[in-house]
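Residue numbers (the working numbering): 177 to 436.
Dropping the structure here:
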């Protein structure tokens, strides 16, 4: 059984996903523009969230790709977690957050009942926050695959902060994905390499999931992004793939479908 999914971009990696009577939020970031010191690195937030933390309303689940970087969990977002009944994140992140956070390793899954009577399965997807061997610097990250009623068809894939690598490719072998929320922007904070998907990685996602609509997010609002949503749009247009892409602006809501 399929369900209409309403996707609202709040800003950066923070996306509100509503379907089957459930409200899910990814990577809460609600601070105003600010700077954050991470060792020798300074991250600068350049824009405010399109929807304030007071206006967001009740959230049933937070899907937190990782907790160690403020562009995925800032000060206000961290405080917001106290009001969320269920948080799903990395195993190491759950230990740091404690309380009601649940940790998943890649390919582990949890199944929940939605208010509309669906069984929602959330599977942790592998993610690598930069080039090979970067984990000792950036820490653990996961993405998420959302499927309804024990199906692997027409799932929603949230990449989290990752580049395209064997782990993300494996998602395409295990699941039929109808929508990809691609954390893009080609973030660069150290060295010449990117820490999140660049345009080529997003194109690889489109190739690996040939039936999926690609929604680029997490490519605005922070100074360390080296590419924008417009870069993704122009590349898809150049390759005549624009029909595969669904751009979204902060504050905008678009609708997709999950399940069959």
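Note that CB positions come from ideal geometry on N, CA and C, so glycine has one too.
| said: Using the Cβ count rule (16 or more neighbours within 10 Å means buried), how would you classify residue 406? | reply: To locate residue 406, count along the chain shown from 1; it is residue 230. Classification of residue 406: exposed, given that the 10 Å Cβ count is below 16.
Is it right to say residue 416 is buried, meaning 16 or more other beta carbons lie within 10 angstroms of its own, or is it exposed? Against the chain shown, residue 416 aligns to sequence position 240. With fewer than 16 other Cβ atoms within 10 Å, it is exposed.
Q: Ignoring anything shorter than 4 residues or poking outside the region 189-270, list the alpha helix (DSSP H) runs there in chain order.
A: 251-256
Three or more C-beta pairs below 8 Å linking the region 347-355 and the region 382-399
yes
Practice prompt. Check each candidate in 288, 214, 361 and 378 and name the one with the smallest Cα separation from residue 421.
Written response: For this step, residue 421 is matched to residue 245 along the chain shown. The shortest Cα separation from residue 421 among 288, 214, 361 and 378 belongs to 378.
Q) For residue 121, which option in 288, 367, 414 and 290 has the closest C-alpha, if you only look at C-alpha atoms? A) Nothing can be reported for residue 121, as the shown portion of the chain is limited to 177 through 436.
Exercise. Should residue 396 go down as buried or exposed, given a rule of 16 or more other Cβ atoms within 10 Å for buried?
Worked result: As a working note, residue 396 is residue 220 in the chain shown. With 16 or more Cβ atoms within 10 Å of its Cβ, residue 396 is classed as buried.
Kindly provide the ranges of any alpha helix (DSSP H) runs that are 4 or more residues long and lie completely inside the region 322-384, ordered along the chain. 342-350 and 375-384
Requested in this report: Indicate whether the contact test is met: 3 or more Cβ pairs, each with one atom in the region 229-243 and one in the region 196-205, closer than 8 Å.
Outcome: yes
### Query
Quick one: what does DSSP say residue 317 is sitting in, helix, strand or coil?
Here residue 317 refers to the residue found at position 141 of the chain shown. DSSP places residue 317 in coil when its eight states are reduced to three.
task = Please report the residue range of the beta strand (DSSP E) in which residue 180 lies.
result = As a working note, residue 180 is residue 4 in the chain shown. Start and end: 179-187.
| query | How about residue 209 and residue 228: do their beta carbons lie closer than 8 Å? | reply | Residue 209 sits at position 33 when you count from the first residue of the chain shown. Residue 228 sits at position 52 when you count from the first residue of the chain shown. The answer is no: Cβ separation not under 8 Å.
Quick one, which of 265, 199 and 408 has its alpha-carbon nearest residue 275's? Taking the chain shown and counting its residues from 1, one reaches residue 275 at position 99. Out of 265, 199 and 408, 265 has the C-alpha closest to the C-alpha of residue 275.
Over the uninterrupted beta strand (DSSP E) stretch that includes residue 431, give me the two end residues.
-> By 1-based counting over the chain shown, the position of residue 431 is 255. Segment 429-434, the beta strand (DSSP E) holding residue 431.
| message | Could you check whether the region 287-299 touches the region 319-333, counting it as contact only if at least three pairs of C-beta atoms, one from each stretch, sit closer than 8 Å? | response | yes
Cα separation between residue 292 and residue 286?
By 1-based counting over the chain shown, the position of residue 292 is 116. By 1-based counting over the chain shown, the position of residue 286 is 110. About 18 Å.
Problem - Cutoff 8 Å; reference residue 418; Cβ partners in own chain excluding five residues on either side - result: By one-based count along the chain shown, residue 418 stands at place 242. Counting only Cβ-Cβ distances below 8 Å, and skipping sequence neighbours, we find 409 and 412.
State the Cα-Cα distance for the pair residue 426 and residue 187, rounded to the nearest angstrom.
In the chain shown, residue 426 corresponds to position 250, counting from 1. In the chain shown, residue 187 corresponds to position 11, counting from 1. For residue 426 and residue 187, the distance between alpha carbons rounds to 5 Å.
**Prompt:** So what's residue 421 in DSSP terms, helix, strand or just coil?
**Reply:** Here residue 421 corresponds to residue number 245 of the chain shown, with the count starting at 1. DSSP places residue 421 in strand when its eight states are reduced to three.
**Item:** Limits of the unbroken alpha helix (DSSP H) element including residue 290
**Value:** Against the chain shown, residue 290 aligns to sequence position 114. It is not in any alpha helix (DSSP H) - residue 290 carries neither H nor E in the DSSP assignment.
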